[in-house]
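To start, the structure itself, in structure tokens.
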Ligand SMILES: Cc1cc2nc3c(=O)[nH]c(=O)nc-3n(C[C@H](O)[C@H](O)[C@H](O)COP(=O)(O)O)c2cc1C
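Residue numbers (my numbering): 16 to 146.
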């Protein structure tokens, strides 16, 4: 399951109980043995900050695999994994612009920058014509 605490894009609103709500949800999902919880952080895409406190609470409440996402590069991903903030890190836009993202990261090669003007468009541009 993907969850989006503080996710307040497209007119949606957040409220004061957001951390408690998501912590309770994570605990309940953990109790039924859900395999993974994927935390969406869209703060680098214009969304509000997803406070570290809620990520910590999800980490403590959920026993399955916790996946972090949002604005990651290789070094930040490594740092958060080393600190056990999550078990895995997901990449969105870097993968769109770099189909061989894993290889490039392994080899520490430079990455092509995502081109937002190609998002949601058909064709190769911005997807497989680079990286
Ligand atoms: C073009 C585009 C389409 C996306 N579509 C979805 C979607 O349908 N559902 C979803 O949960 N997230 C969607 N996302 C958000 C990504 O899954 C991811 O959470 C976001 O890009 C932040 O990660 P990043 O900084 O690694 O890109 C989309 C992102 C982009 C750029």
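Glycine residues also receive a C-beta, built at the ideal position from the N, C-alpha and C atoms.
About 5 angstroms separates the CB atoms of residue 143 and residue 114; that is less than 8 angstroms, so the two are in contact.
The Cβ neighbour count for residue 87, taken over all protein chains shown within 10 Å, is at least 16; the residue is labelled buried. Less than 8 angstroms separates the beta-carbon of residue 57 from that of residue 22. Apart from the 5 residues on each side of it in sequence, residue 50 sits with its Cβ closer than 8 angstroms to the Cβ of 79 and 80 in its chain, given in chain order.
Note on the region 19-106: whole beta strand (DSSP E) runs with a minimum of 3 residues are 51-54, 80-84 and 103-105, in chain order. Residue 53 is a Cβ neighbour of residue 84, given a cutoff of 8 angstroms. Boundaries for residue 143: no alpha helix (DSSP H) harbours it, and the DSSP string shows neither H nor E there.
Taking the Cβ atoms as the reference, residue 37 lies roughly 6 angstroms from residue 73, within the contact range of under 8 angstroms. Residue burial is scored here from C-beta neighbours: residue 117 has fewer than 16 other C-beta atoms within 10 angstroms and is therefore classed as exposed. Across the set 137, 25 and 20, the C-alpha of 20 shows the shortest separation from the C-alpha of residue 70. Residue 55 sits close to residue 18, with the two beta carbons spaced by under 8 angstroms.
A Cβ-Cβ distance of about 7 angstroms is found for the pair residue 130 and residue 112, placing them in contact under the 8 angstroms criterion.
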